[in-house]
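The next block holds one structure in the form of structure tokens; read it before the comments.
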Amino acid sequence: MKDLPAEERLKQRQLIIKPLVEALFVYLKTSEPKVPAKGKLRDAYTYILNQERYLKVFLTDGDVPMDNNASERAIRGFCIGKKNWEMIDTINGAKTSAIIYSIAETAKANNLKPYEYFDYLLTEIPKHTEVIN
Numbered sequence: 008m009k010d011l012p013a014e015e016r017l018k019q020r021q022l023i024i025k026p027l028v029e030a031l032f033v034y035l036k037t038s039e040p041k042v043p044a045k046g047k048l049r050d051a052y053t054y055i056l057n058q059e060r061y062l063k064v065f066l067t068d069g070d071v072p073m074d075n076n077a078s079e080r081a082i083r084g085f086c087i088g089k090k091n092w093e094m095i096d097t098i099n100g101a102k103t104s105a106i107i108y109s110i111a112e113t114a115k116a117n118n119l120k121p122y123e124y125f126d127y128l129l130t131e132i133p134k135h136t137e138v139i140n
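Sequence positions in the sequence shown follow this note's numbering and run 8 to 140.
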């Protein structure tokens with residue numbers, strides 16, 4: 008359905024996906040009393056039932072993706088490299104790191120090469136700064 012226009016995607020989700028999602032939540036709610044009071048399964052049930060409203064948003068808007076794969080891909084590099092950034096141990100270091108990652112991911116999202124984009128920014132920005140006294 009990802010190649011369909013948002014309006015058609017929403018119609019298809021309502022027709023095909025919504026009954027499946029509703030059935031899932033009916034099943035979860037009816038089987039919840041049988042789940043042990045403690046443990047990972049209880050944690051999973053508690054999480055999904057508490058998030059039901061948010062997990063169903065994609066059924067009301069054709070522009071909302073069904074998954075968060077794009078977001079996860081965007082942060083993967085950061086998560087993989089975090090062990091290398093133990094030297095970022097201050098609030099300013101964390102803020103600076105966030106800004107740099109934001110710029111890099113924005114470049115990627117716009118089909119730019121991050122290295123070349125940073126090179127461009129670091130070359131052009133100094134040309135446009137003025138010292139105001």
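For every residue, glycine included, the Cβ atom is placed at its ideal position computed from N, Cα and C.
Bear in mind that the values here come from a model prediction, so they are computed numbers and not experimental data.
Own chain partners of Ala111 with C-beta closer than 6 Å, once the 5 adjacent residues on each side are dropped: Pro121
Roughly how many angstroms lie between the CA atoms of Ile24 and Thr37, to the nearest whole one? 20 Å
Which residue comes first and which comes last in the alpha helix (DSSP H) that contains Phe85? Asn76 to Gly88
Consult DSSP for Leu119 and reduce its assignment to one of helix, strand or coil. coil
Mind checking Leu48: buried by the 16 CB within 10 Å criterion, or exposed? exposed
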